[in-house]
Amino acid sequence: MQHAVQIEGLTKEFTRRDGTRIRAIDDAAITIDPGEFIVLLGPSGCGKTTLLRTIAGLENPDSGRISIDGRDVFASHNRTLVPPEQRDLSMMFQSYALWPHMTVRNNVRYPLETRRRPRIARKEMDRRALEALETVGIGELSGQYPGQLSGGQQQRTALARALVNGSPVILFDEPLSNVDAQVREQLRAELLATQRRLGFTAIFVTHDQNEAMELATRIAVLDQGKVQQVGTPAEIYRNPATAYVATFIGTTNEISGTWDPSQSGFSTDAGPIRSSSLTPETASARILWRPEDGKLESSRPSGPNTFEVTVTKTLFLGLHTEYVVRWGKASARIWSSEHHRFCPGDQAWLSVSPEDVMVFPGDGAQPTEAEAAEDTPPQSSAVLSEAAG
Amino acid sequence: MTATQTPPPTRPPRGPVPKPRLSRMPRKPSSFDTLTLVLAFTLIAIVCLPLLQVVIGMVWKDGEFTFEAIERTLALPDLWTLIWNTLVLVIASSVCAVVIGFLLAWVNQRTDARWGLLNDILPYLPFLLPPVAGAVGWIMLLSPTSGLLNVWIRDALSLFGVDLATGPFDIHTWYGLILVYTVYAVPYTYLNISAALESFDSSLEEASRLSGAGYLRTLRRVTLPALAPSVGAGFLLSTWFGFGMFSIAAIIGTPAQIDVIAVRIVNLLTFSYPPDEDLAIGLSAIVMVFVGLSYYIQFRILRSARFGSISGKSTQHNIIRLGPWRPVVRGLVLIYVLGSTVLPMIGLFLVALNGYWTPNIDWGGLSLDAFRSTLIHDPSAREALFNSLGLGIVGGFIGILAASFVSLYVQRRRTALGAGIDAAIKMPASISNMVIAVGILLLLGGDPFNLGGTWLILLIGYLALYLPQASIASDAAVAVVGKDLGEASTVSGARDWKTFLRIYAPLMLPGLIGAWALLFIRIVGDLTASAILSGTENVVLGFRILEVFNGGSYAELAALSSTLVLITGTVLLFVIILSKRFGVAKTQSAPRTRKARR
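If you read the protein sequences in the order shown, they are chains A and B.
Using the UniProt record's numbering, read the first sequence as starting at 1 and increasing by one per residue.
Using the UniProt record's numbering, read the second sequence as starting at 1 and increasing by one per residue.
Laid out in structure tokens, this is it:
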């Protein structure tokens, strides 16, 4: 099968005003198959928009290779550079970038007019433009100007324009960030349905992890220009490749520890902790686990990773109650669906299954082979969306 | 899972930073880009080569290395008087301009006496009333014996038993000169301070108020320090304007025997025979030093204020209710605006219509005779008028077209090359106009080009001088369109030319027409380049006014100046109408832009 988009060893540097050089994209590699919905996720400034713009051809990388549909559009080894207008892509901009001097129909028709392959008759163009507008549910607005539309309608117009010439790959640069929450929910669902129905490959940039979880078939988490991990939402959540991914997606409890072969576990401020993860190569480790994986009980359970704790705070959050517990120098947050079971000041027993304990190299060591527990079964996405919320 | 692990960077993060490469992956330039680059380098050449000529001229003459120009300049007997006069004039008027500009901006941004019209009129003052016409207008008003305003004041005073033979004011004095300089410098300070006040994040002030500071304390401790960079910028722009200003000093300062450098340079080149280029070069160098110094100071101020607290986000400000003082403050603002624009125009028109300059206006006998005799019966005035109009139309068109290509390039290709072109094109704004005009004369006026006194040298001069304005205006027109709209077209498969014709051109058109009109006004009302580059053979309007001032009738002077004001006023009116209509069109699409930028 031909890959829809393939990126290898892509690097782009910017020079700041003060002369320091920033790697906006640092040796990135992703392979995207046709029909996938890939979300590039990361905090602002992580390089996700730059990566998207290099795919579009709006920015030029320094080195590496990008191919679309099997054709190299950028390759530093043989100095290939295909200009954006010849890449056969569509893109939806954060600002929508609707041309204010053209009607909705003319906006949508424009990509058809620029096609050089088989020329299409004007009537046919109008028909297709209208069809695209109807696909997104605003066929009746074709005579309006963008300035006369609401935010949601502008957004749909921009989507129609991206869909109209049937590009196999459509790029989305945070297109949902400018509409209010309710419209956003609805548009998100519609976008997903449209993508599934038409089958184009979507590459979608966002900083919103809920949005990423809901839309993506796979998520690529970026940090400081590096692709930290590519995987399904469940893999990313349950099986993070690096401590960064683990802490960026969802909530975690963290404690640092050192490997103690005599206990075949880690000694920490909280006491000995065992993990079924592979042991890290460095002696010091960052030990992480998710609040929903801790269990609070009033009597001592059997098994490892059992601690006697004091409840210091409880917080009712609807779906679950957050218990903040403290023991020794350590503290943790526990999410439990058992509301009002403990009150601040109560003594309780905390246990975390070794399967749920993630271990990463600590103290600034490079995350070399930080493989998290490979044998941990991915959890259902129902748990995920709750946890991510 | 295709997680990408990267080995630790081999290069130490704090190592020596390699020089940024200009172009990483040379993209084959399209025909559009090629044309743009050719245009850009031509424009840069007509600014940079003349400057280079001045610099070289300082140490190189007749094929040998010499300090003659510098030595002769330093030996000039009244050199220090010239420098002293120029500095006093420029600094005093800039200080006054900052005070007035701050007060006007503050009233307009922060009190309920604000007045939208102020924003519309004040920035356009130099366009509405070109300095050369304004200077003549002020003479008509404030000349000690027959100045109209003086006579009216004397008449009013005599009602109270105070009889004066002359005065009370005299325009041909230090204060008169500073007054007119100030009036023309206020737009620079006002615009800078007003913009800063508008974009000032008022939560900083609110935080200060909540910390227990009163209004005045907040103004002193929070608002003013935060505004310091823009006050400084306004001040330095105004000094830059002052160093290069020729027409006001020539028309008001010369009769008062207040000599400044700019006037001396023109006299050496235009009104002496043979022209003394050495001294002109030496004096130009002094102007360059002062202008360079003021930019260095501005750079320091801006850099020290890098932490500056202007958020750029326009926020709702607390408006001070002036209560009973509101009409008073409004009245004062109105008096300032009318006094600085309408009054000198009235002076010009009355003298022109009256036919001769007398305090006793014959209201029934006003006629267009002076206009008729000046414009129709005087062939040199007529020729000057046609020359100026032609140069304004053609020069404006060429300037705006070229500038808009360059602006587009700079915005679309954010490369080091683009940034360099942008800086080079805006450079004349940071060097005195005067010096560039001198350089153009030296470079093209004599052998081998021999363009002295031709249309072409004037056209080149105007383009070089007013390029920054054209460039800033076309930048604004490009910025209105924004980057996304062009990129959306490119991603849709359109080539550069198609994107230009279908997206940028229609959207930029209203802005470019406005920019053309402003450039036209600049060229028609110019005296700096005209005085140096226009010969007696090929006279333009500004130069003709100067000639008439040096030896003609006041009615003719007033008629010519009024004609200039009528032309610039008409074109300006057209610009304002256009921008209002364009403004309406813009608000239709504004929700999109505003939302998008949030």
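Built from N, CA and C at the ideal position, the CB exists for glycine as well.
Quiz item: Which of helix, strand or coil does DSSP assign to Pro-84(A)?
Solution: The answer is helix: DSSP assigns Pro-84(A) an H, G or I state.
Exercise. Could you tell me which chain B residues have their CB closer than 8 angstroms to the CB of Ser-90(A), listed as they occur along the chain?
Key: Listed along chain B, the residues sitting closer than 8 angstroms to Ser-90(A) by beta-carbon distance are Val-491, Ser-492.
Quiz item: Taking Cβ positions only, does Arg-300(B) come closer than 9 angstroms to chain A?
Solution: Contact of Arg-300(B) with chain A is not assigned, every C-beta pair being separated by 9 angstroms or more.
Exercise. Keeping to the same chain, check which residues put their C-beta closer than 7 angstroms to that of Ala-98(A); ignore five residues upstream and five downstream.
Key: Reading off the sequence shown, one finds Leu at residue 98(A), where the question assumed Ala. Cβ within range, chain order: Asn-107, Pro-146, Gln-154, Thr-157, Ala-158.
Practice problem: Measuring alpha carbon to alpha carbon, tell me which of Leu-296(A), Ala-132(A), Ile-120(A) ends up nearest Ser-353(A). | Solution: The residue with the shortest Cα to Cα distance from Ser-353(A) is Leu-296(A).
Quiz item: How is Ile-319(B) classed by DSSP in three states: helix, strand or coil?
Solution: Reduced to three states, the DSSP call for Ile-319(B) is coil.
Quiz item: Any Cβ of chain B within less than 9 angstroms of the Cβ of Glu-254(A)?
Solution: Not a single C-beta of chain B is nearer than 9 angstroms to the C-beta of Glu-254(A).
Quiz item: How about Gly-445(B) and Leu-546(B): do their beta carbons lie closer than 9 angstroms?
Solution: No, they are not a contact pair.
Self-check item: 9 angstroms Cβ cutoff, Leu-578(B) in contact with chain A
Solution: Not an interface residue.
Self-check item: Cβ separation of Phe-243(B) and Ser-432(B), assumed to be a contact under 8 angstroms, to the nearest whole Å
Solution: About 5 angstroms separates the Cβ atoms of Phe-243(B) and Ser-432(B), confirming a contact at the 8 angstroms cut-off.
Quiz item: Mapping DSSP to helix, strand and coil, what is Phe-172(A)?
Solution: In this structure, Phe-172(A) counts as strand in the three-state DSSP scheme.
Practice problem: Give the secondary structure of Phe-169(B) by DSSP, where H, G and I count as helix, E and B as strand, and everything else as coil. | Solution: The DSSP-derived three-state label of Phe-169(B) is coil.
Practice problem: Show which residues of chain A have a CB atom less than 8 angstroms away from the CB atom of Ile-503(B). | Solution: Within 8 angstroms Cβ-Cβ: Trp-99.
Practice problem: Say whether the region 189 to 201 of chain B touches the region 228 to 240 of chain B, bearing in mind that this needs 3 or more beta-carbon pairs closer than 8 angstroms, one atom from each stretch. | Solution: Touching, per the Cβ criterion.
Quiz item: Do three or more CB pairs link the region 341 to 350 of chain A to the region 308 to 315 of chain A at distances below 8 angstroms?
Solution: The region 341 to 350 of chain A is in contact with the region 308 to 315 of chain A.
Quiz prompt | Extent of the continuous beta strand (DSSP E) to which Ala-24(A) belongs | solution = Where Ala-24(A) is concerned, the enclosing beta strand (DSSP E) stretches over 21 to 32.
Quiz item: the region 502 to 524 of chain B: which residues have C-beta closer than 8 angstroms to a C-beta of chain A, in chain order?
Solution: Listed by position along the chain: Arg-502, Ile-503, Pro-506, Leu-507.
Exercise. Select from Leu-197(B), Leu-82(B), Val-222(B) the residue whose C-alpha is nearest the C-alpha of Glu-206(B).
Key: Glu-206(B) has its Cα closest to that of Val-222(B), out of Leu-197(B), Leu-82(B), Val-222(B).
Quiz item: Counting contacts by CB-CB distance shorter than 9 angstroms, is Arg-161(A) in contact with chain B?
Solution: It does: the Cβ of Arg-161(A) has a partner Cβ on chain B nearer than 9 angstroms.
Quiz item: CA-CA distance, Ala-220(A) and Arg-161(A)?
Solution: Counting only the Cα atoms, Arg-161(A) lies some 26 angstroms from Ala-220(A).
Quiz item: Using a beta-carbon distance below 9 angstroms, is Asp-422(B) in contact with chain A?
Solution: Taking Cβ atoms only, chain A never reaches closer than 9 angstroms to Asp-422(B), which makes this a no.
Quiz prompt | Close Cβ partners of Cys-96(B) (< 7 angstroms) along its chain, the five nearest in sequence each way excluded | solution = These residues qualify, in order along the chain: Ile-178, Thr-182.
Practice problem: Using the Cα positions of Ile-577(B) and Leu-512(B), report the straight-line distance between them to the nearest angstrom. | Solution: Just so you know, the alpha carbons of Ile-577(B) and Leu-512(B) end up roughly 14 angstroms apart.
Practice problem: Answer with yes or no whether the minimum CB distance from Ala-488(B) to chain A is below 9 angstroms. | Solution: Closer than 9 angstroms to some Cβ of chain A, the Cβ of Ala-488(B) qualifies, so yes.
Self-check item: Three-state secondary structure (DSSP) of Ile-203(A)
Solution: Strand at Ile-203(A).
Quiz item: When we look at the beta-carbon of Lys-12(A) and count the other beta-carbons within 10 Å, is it buried (16 or more) or exposed?
Solution: Lys-12(A) is buried by the Cβ-count criterion.
Quiz prompt | Chain-order list of residues whose beta-carbon lies under 8 angstroms from that of Gly-234(B) (same chain, five-residue window excluded) | solution = Excluding residues within five positions, the ones whose Cβ falls inside 8 angstroms are Ala-97, Val-98, Gly-101, Tyr-188, Thr-189, Tyr-190, Leu-191, Asn-192, Ile-193.
Exercise. Check the C-beta distance from Ala-133(B) over to Leu-465(B) and give it rounded, since I have them as a contact under 8 angstroms.
Key: 18 angstroms between Cβ atoms; not a contact.
Self-check item: Segments assigned beta strand (DSSP E), at least 3 residues, entirely inside the region 157 to 244 of chain B
Solution: Runs found: none.
Quiz item: Do you know how far the Cα of Val-491(B) is from the Cα of Phe-307(B)?
Solution: Confidence at Phe-307(B) is low in this model, with a pLDDT of 40, below 50, so the placement of that residue is unreliable and no value is reported for it.
Quiz item: Quick one: is Asn-253(A) buried, meaning 16 or more other Cβ sit within 10 Å of its Cβ, or exposed?
Solution: By the neighbour-count definition (other C-beta atoms within 10 Å, threshold 16), Asn-253(A) is a buried residue.
Quiz item: Is the CB of Arg-495(B) under 9 angstroms away from at least one CB in chain A?
Solution: At a cut-off of 9 angstroms, the C-beta of Arg-495(B) has a neighbouring C-beta in chain A.
Quiz item: What do you reckon, are the CB atoms on Thr-201(A) and Asp-33(A) nearer than 9 angstroms?
Solution: Taking 9 angstroms as the Cβ cut-off, Thr-201(A) and Asp-33(A) qualify as a contacting pair.
Exercise. Starting from the Cα of Val-410(B), find the closest Cα among Ile-472(B), Met-58(B), Ile-70(B) and give me that residue.
Key: Of the candidates Ile-472(B), Met-58(B), Ile-70(B), the one whose C-alpha sits nearest the C-alpha of Val-410(B) is Ile-472(B).
Quiz item: Who are the neighbours of Lys-426(B) on chain A, taking C-beta pairs under 7 angstroms?
Solution: What Lys-426(B) touches in chain A, judged by beta-carbon distance under 7 angstroms, is nothing: the nearest beta carbon there is about 18 angstroms away.
Exercise. Determine the contact status of Pro-240(A) and Ala-246(A), defining contact as a CB-CB distance below 9 angstroms.
Key: Less than 9 angstroms divides the Cβ of Pro-240(A) from the Cβ of Ala-246(A).
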